[in-house]
Structure formats: structure tokens, C-alpha cells
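> Dropping a structure here in C-alpha cells format, bear with me for questions.
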Amino acid sequence: MSEKSFDRRTLLVSAGLSTMAGISAAASGKSTGWVERLLKRRFVELSDARREEILTELEEACRVKYGRDDITVADTPALDGVEFAYGLDLSRCVGCRRCVYSCVHENNQSRDPQIQWIRVLEMKKDHGIDFAESNVYYDPDEVPEPDSFYVPVACQQCRQPACTKVCPVKATWQEPDGIVVIDSDWCLGCRCCMSACPYGARHFNWTEPRIATEEINPDTHIFGNRLRPNGVVEKCTFCIHRTRKGRYPACVEICPVGARKFGNLLDEAGEMRYLMREKRVFVLKEELNTRPRFYYFYAT
Amino acid sequence: MERPTGSDLVNSDQEKLLPGSSSLAILLIVFLSISMLILFSIVRGGVGHVAEGDGGRQAFGPAEISGVEFDGELLPGIEEATTGPDQGEFLVPPPPWSESGYFPCTECHADLDLNPEPRVLEEMHDDIELNHGPSDRWCLDCHNPDDRDVLRLINGRLITFDESYLLCGQCHGTIFRDWRQGIHGRRQGYWNGGKSYLLCAHCHDPHAPAFHAITPLPPPVRPQFLARTAQEEAQEAPHE
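So, in C-alpha cells, the structure goes:
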């Protein structure tokens, strides 16, 4: 009798073990972080070792998919004592859209269908800042046009972001250095954040993003410019893969008139603090109390 | 003949008016619905409502744009200025010489007699358009008459072309202050380390400093044309 019950136990244990082996075998063939998704654990909650594994898997997946063996995916953490802020000099911006294309070049946005994180709004000087009257499709032979000024708009990296509050799965959040990021592996594609954002700064991959292999920027960050899958939302991250290593964002460096400023808000002697002290600074849609870290100013 | 009473008049008028007002109402409804339809189609922004010459019909990527260097190299020395012994140093590229390569100026001017008289230059430097401040401005306000390889400040101090910002800063004090703080002009490199500045003359022609208009890059594609290429491919695929 006792021998019989032991047999049944052995049978059950071995059946259980073989099921688990089957699941893990299936899981090994699945996409990155599949086990974690099943266990409802997000990338940021994992151990360093497991993160490293996931990054390696992700790199491998990107390399195979796009046929390039130099693609790297990092998870560079926020620097201590740093809160990023951005300044844009409206008195200098000429609306040339160099920043728009530099951003696309840097951040691996889909070329077709086209996704651009920066939109340059052309506004008329006699209207002032008026979103309803603004035009993003302006295409004259030369800019600036004498009766217009230009307001480039991308993610404002709000201190009280509406987009992160509405996310049903916490796939988007604010990092310690102020950058609002998205975990593409976790994003459902419900687009609630897009409707919550008052700046139109979030963009959706309606199809599989298409980039030519040779146009890919291989230096990527998991929450930034990594190659995104179909059906996820994406946005400006202040070039997280550059700025966390100390570099200026791509749009700052390309701007031919030097209208774009970037730096650490906590650095008393830095250029951001100087311009906030000395210049006429404002934020977009202040009345919404999103408290952006993106400051527009007039230097003259 | 009996004169119609007041009430009769009103009644007959109403009878007369009624068919008129109802047709007016119908006309009004028709007019309103047509105008609403037009309004909706404008608001919706249908394909037909984009004017012929307007941009935004085609998606451009950075690869299709020529004349803009998206992969610009940093100045050599910036990495060292970030991590090396010269940490925090600001680098400035050499001043832009006119394309004909005039420098050093003394190669010619050492042998020429000084003519301080403002005049139209004919033999040399006739490409210089002087449009900077007061109309009586002349070369020797900034260029040193005795040694043309250097510039001269108002106080008589001689400076090289590498320090030309000091000359500009004599008049443009507020801009000069902003430039030193990094608020005016373009910086490249590391926000927390080595970075490069540009001299005033890299962006502004000192002789005619107003910033010239430039050609904008193409506008974003309009939503109604967004997926056109993908759709066209999908339609073509079954025929192959």
C-alpha cells in the first residue's frame, strides 16, 4: 500500500518536472523577456544579471533581424545629481527642420511610414503663440519668412506627466534624471498616453517600422532609440543613449543657429540655470500644470 | 365695398407668408447641410483639400537629404578635454578664412601703401559686401593698419583672428556675455565635459553679419499620405 502511494508520488513528480521542462523549452524559443512577462516582472525590477542577459538577447535579436552585427543595447542608468532640462531660443529658431531629421537619424524612427519626434510649428507674428493657427507643413524656398516664427515641439519631459499616469500597465515612467521613458517590451499599444499628452509628443508604430539596414544607429538604449517592434508608442528621450554618457542630444548639435540648449538643471553654473535666471523663459501650456522641463526663451 | 378689418389683414398676410417661409426654411436647411458637409470635409482634411503645391505628400528620411552632415565629427581633442588633464577646456575651430585663401594678409599688404580713404574696392576684395552698422564704417575700424595679420580693438590692443570675439564683444556686449555662457551660438561635445564653441565669424560674415535665410528640409508627411507607400506595395504584391 505504502509502496503504491510512493509510486503515485514519483509519477506525479516526474510528470510535473517534464511539464516544466516542456515550458522552459518552449520559453527558450520565445522573444526577449518572455519568462518575465509571464511572471509579471518588469525589466527595471530584475536583477543585474538577468538584465544583462535580456540586453544580450535583445542585441542578438536586433542583429539577426536587421543583419548588422554592431548593434548594441545598453541600459545606462541615470547619473547622480543630474536633472536634465532643455532650452529653446525662439528668437533664433529659423524653422529649418535640421533637428527633425537629425533626430530621425539618431533615434531609429521608422522611415516609412514616417515617424518624427520633433514637429516644427510655424506661427504668424501677429497671432503670437496660437496652436490652432499653426502650420507644420510649411514649405517655402527659404526660412525664416519675415512674418513667421517657429516653435519646435517634442516631448516636454514634464515633471507631472499626464502620459505616465494613464498608462494601464506602467510601461512608461519618469526616470530619476527627469526623462520620461517607455519600455517597448511592456507597452500594450493602447495609445492612452498619446491622447493624454497635450503636446502631441508621442507617436505610434502602426506597422512594422521600416529602416534601411545601413541607416540604423547601432548605439542604442533599451528605453530610448532601440529598434522598436510594431504596435508600440515611442517618443523623444532627450537622446538618452547620448546624454547619459555626457553628450549633447543630436538636435542640439545639428542646430545651425544654436537655438537649442541642454544641460543639468541642478548645476548652478550651467547654461540652463543661466538662461533661466537671465532670459524671458516660458513653458508650453503652462495652465495644464504639467510642469515641463523644456523651456522656451527669448535671448534678445 | 367693405374695408377689411385689421384681423382680416393679418390673416391674409399670414396665409400669403406661410408657403414662402416654409420654402425659406427648406432652403435654409439645404444650405446649412451643404455648408456643414463642406466644413466637415475641410476639417477632416481629405486628400482633395491639400492644395496642389503644398508640401507633405511624400515621406523623406535623412538619407535622402544632401548637404547636411548628420554624422558630424567632433573636433579632435574634445574627448581629452572631457577625461584628460585639460579637463573642461573649450575648443574653438580655427577662424574661417575667405575661400580664396588670403591669409597671411601681410604677404601683399606689407608692400602696399596705406590708403585710409573709404572707396569702392576694385582690384582686390571686391567680393566683400560691407553692410555692418553705420554707413561710415571702414576696414581700418577693425583691421590693424600697420600689421594686417592682426585686428585692433578700440583701446589699441592688437589681437589675432583667433580672438576676434573680443572685437565683436566691444559693441555686442550682451550677446558676447551670452556666448561665453553658452546661450548664444552652437556648442558641440559633452554637456558635462569638453565642448567646442564657434567664433562669431563662423556663423556671421563680419562684413555683413545678418544671418542669411536657408532652405528648410522637407515638411512631415500629412496623415492622409502617411501609409501611401506601404499601401501601394500591398496593392502591387498580389499581381506579382
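Chains A and B are the protein sequences, given in the same order.
Taking the numbering used here, the leading residue of the first sequence gets 1, the next gets one more, and so forth.
Taking the numbering used here, the leading residue of the second sequence gets 1001, the next gets one more, and so forth.
The beta carbon of each residue, even a glycine, is placed where N, CA and C say it ideally should be.
1. I'd like to know whether the C-beta of GLY224 (chain A) is nearer than 9 Å to at least one C-beta of chain B.
2. So is SER110 (chain A) buried or exposed if we call it buried at 16+ other beta carbons inside 10 Å?
3. By Cβ distance below 7 Å, which residues in the same chain neighbour VAL166 (chain A) in space, the five residues on each side in sequence not counted?
4. Taking the alpha carbon of ASP267 (chain A) as the point to measure from, which residue in B:SER1033, B:PRO1220, B:ASP1136, B:TRP1191 has its own alpha carbon closest?
5. Are there 16 or more other CB atoms within 10 angstroms of the CB of THR19 (chain A), so buried, or fewer, so exposed?
6. Using three-state DSSP, classify HIS203 (chain A) as helix, strand or coil.
7. Alpha helix (DSSP H) containing THR1106 (chain B): first to last residue?
8. Distance, Cα to Cα, GLU214 (chain A) vs TRP1138 (chain B)?
9. Using the beta-carbon of each residue, which ones in chain B are nearer than 8 Å to GLY16 (chain A)?
10. Taking any Cβ of chain B, which residues in the segment 200-230 of chain A have a Cβ under 9 Å from it, in chain order?
11. Which term fits LYS170 (chain A), buried or exposed, when burial requires 16 or more other beta carbons within 10 angstroms of its beta carbon?
12. Since SER148 (chain A) is in the beta strand (DSSP E), which residue starts that stretch and which ends it?
13. At what residue ranges does the segment 1183-1229 of chain B contain a whole run of the beta strand (DSSP E), taking only runs of 3 or more?
14. From this set, A:VAL153, A:ASP130, A:VAL283, which residue's C-alpha is nearest VAL120 (chain A)'s C-alpha?
15. State the Cα-Cα distance for the pair ASP183 (chain A) and GLY189 (chain A), rounded to the nearest angstrom.
16. Are TYR101 (chain A) and PHE1225 (chain B) close, meaning C-beta to C-beta below 9 Å?
17. Could you have a look at HIS105 (chain A) and say whether DSSP puts it in helix, strand or coil?
18. If I'm right that PRO1093 (chain B) touches ALA1201 (chain B) with Cβ under 8 Å, what's the distance once you round it to whole angstroms?
19. Quick one: residues in its chain with C-beta nearer than 8 Å to the C-beta of GLU1079 (chain B), no 5 flanking neighbours on either side, listed in chain order?
20. Taking Cβ to Cβ, would you say HIS1207 (chain B) is nearer than 9 Å to ASN1131 (chain B)?
21. Using a Cβ-Cβ cut-off of 9 Å, state whether LYS279 (chain A) counts as contacting chain B.
22. Relative to the C-alpha of CYS255 (chain A), which candidate in A:LEU90, A:GLU287, A:LEU17 has its C-alpha closest?
23. Is PRO113 (chain A) close to chain B? Criterion is C-beta to C-beta, closer than 9 Å.
24. Is it the case that the segment 1051-1060 of chain B contacts the segment 1213-1222 of chain B, given that we only count it when at least three CB pairs across the two stretches are under 8 Å?
25. Any C-beta of chain A sitting closer than 9 Å to the C-beta of TRP1191 (chain B)?
26. To the nearest angstrom, how far is the alpha carbon of CYS1168 (chain B) from that of VAL104 (chain A)?
27. Measure the C-alpha to C-alpha separation of LYS124 (chain A) and GLU133 (chain A) and round it to an integer number of angstroms.
28. Specify the secondary structure class of TYR248 (chain A) as computed by DSSP and reduced to three states.
29. Between which two residues does the beta strand (DSSP E) carrying LEU55 (chain A) extend?
30. Regarding ARG1148 (chain B) and the ligand COA, is the C-beta to nearest heavy atom distance less than 8 Å?
Quick look at the numbers:
1. For the purposes of this step, residue 224 (chain A) is taken as residue 224 along the first sequence, with counting starting at 1. Chain B, which has no Cβ nearer than 9 Å to the Cβ of GLY224 (chain A), makes this no.
2. The count along the first sequence starts at 1 and reaches residue 110 (chain A) at position 110. When all chains shown are included, SER110 (chain A) counts as buried.
3. Position 166 of the first sequence, counted from the first residue, corresponds to residue 166 (chain A). If we look at VAL166 (chain A) and ignore the five residues flanking it on each side, its Cβ neighbours are CYS192, CYS193, ALA196.
4. Residue numbering aside, residue 267 (chain A) sits at position 267 when the first sequence is read from its first letter. Looking at the Cα atoms, B:TRP1191 is the closest of the given residues.
5. Indexing the first sequence from 1 puts residue 19 (chain A) at position 19. The residue is exposed, with fewer than 16 neighbouring Cβ atoms inside 10 Å.
6. One-based indexing of the first sequence puts residue 203 (chain A) at position 203. Strand, per DSSP.
7. If you number the second sequence from 1, residue 1106 (chain B) lands on position 106. Here the alpha helix (DSSP H) through THR1106 (chain B) covers 1106-1109.
8. The residue given as residue 214 (chain A) occupies position 214 in the first sequence. The residue given as residue 1138 (chain B) occupies position 138 in the second sequence. Each residue's alpha carbon lies about 52 Å from the other.
9. The sequence position of residue 16 (chain A) within the first sequence is 16, counting from 1. None at all; the shortest Cβ gap to chain B is about 47 Å.
10. TRP206, THR207, ARG210, ILE211, ALA212, GLU214, GLU215
11. Residue 170 (chain A) sits at position 170 when you count from the first residue of the first sequence. Looking at its Cβ environment, which holds fewer than 16 other Cβ atoms inside 10 Å, LYS170 (chain A) is exposed.
12. Taking the first residue of the first sequence as position 1, residue 148 (chain A) is located at position 148. Residues 148-153.
13. none
14. Against the first sequence, residue 120 (chain A) aligns to sequence position 120. The candidate whose alpha carbon is nearest that of VAL120 (chain A) is A:VAL153.
15. Residue numbering aside, residue 183 (chain A) sits at position 183 when the first sequence is read from its first letter. Residue numbering aside, residue 189 (chain A) sits at position 189 when the first sequence is read from its first letter. One C-alpha to the other measures close to 11 Å.
16. Here residue 101 (chain A) refers to the residue found at position 101 of the first sequence. Here residue 1225 (chain B) refers to the residue found at position 225 of the second sequence. Taking 9 Å as the Cβ cut-off, TYR101 (chain A) and PHE1225 (chain B) do not qualify as a contacting pair.
17. Taking the first residue of the first sequence as position 1, residue 105 (chain A) is located at position 105. If DSSP states are grouped into helix, strand and coil, HIS105 (chain A) belongs with the helices.
18. The sequence position of residue 1093 (chain B) within the second sequence is 93, counting from 1. The sequence position of residue 1201 (chain B) within the second sequence is 201, counting from 1. Their Cβ separation, rounded to whole angstroms, is 11 Å, which puts PRO1093 (chain B) and ALA1201 (chain B) out of contact at 8 Å.
19. Here residue 1079 (chain B) corresponds to residue number 79 of the second sequence, with the count starting at 1. So the list reads GLY1194, once near-sequence residues are dropped.
20. Taking the second sequence and counting its residues from 1, one reaches residue 1207 (chain B) at position 207. Taking the second sequence and counting its residues from 1, one reaches residue 1131 (chain B) at position 131. Cβ atoms of HIS1207 (chain B) and ASN1131 (chain B): closer than 9 Å.
21. In the first sequence, the residue the question calls residue 279 (chain A) occupies position 279. It does; some Cβ of chain B falls within 9 Å.
22. Taking the first sequence and counting its residues from 1, one reaches residue 255 (chain A) at position 255. It is A:LEU90.
23. In the first sequence, the residue the question calls residue 113 (chain A) occupies position 113. So yes, PRO113 (chain A) belongs to the interface.
24. yes
25. Within the second sequence, the letter at position 191 stands for residue 1191 (chain B). Judged by the 9 Å Cβ criterion, TRP1191 (chain B) is in contact with chain A.
26. Residue numbering aside, residue 1168 (chain B) sits at position 168 when the second sequence is read from its first letter. Residue numbering aside, residue 104 (chain A) sits at position 104 when the first sequence is read from its first letter. In a straight line, the C-alpha of CYS1168 (chain B) is about 36 Å away from that of VAL104 (chain A).
27. On the first sequence, position 124 is the one that residue 124 (chain A) refers to. On the first sequence, position 133 is the one that residue 133 (chain A) refers to. Using only the alpha carbons, I get a separation of about 8 Å.
28. Residue 248 (chain A) sits at position 248 when you count from the first residue of the first sequence. Looking at TYR248 (chain A) - three-state DSSP - the assignment turns out to be coil, as it is neither helix nor strand.
29. Numbered from 1 along the first sequence, position 55 holds the residue referred to as residue 55 (chain A). Run containing LEU55 (chain A): none in the beta strand (DSSP E); it sits in the alpha helix (DSSP H), 48-66.
30. This structure lacks the ligand COA; in fact it carries no ligand of any kind.
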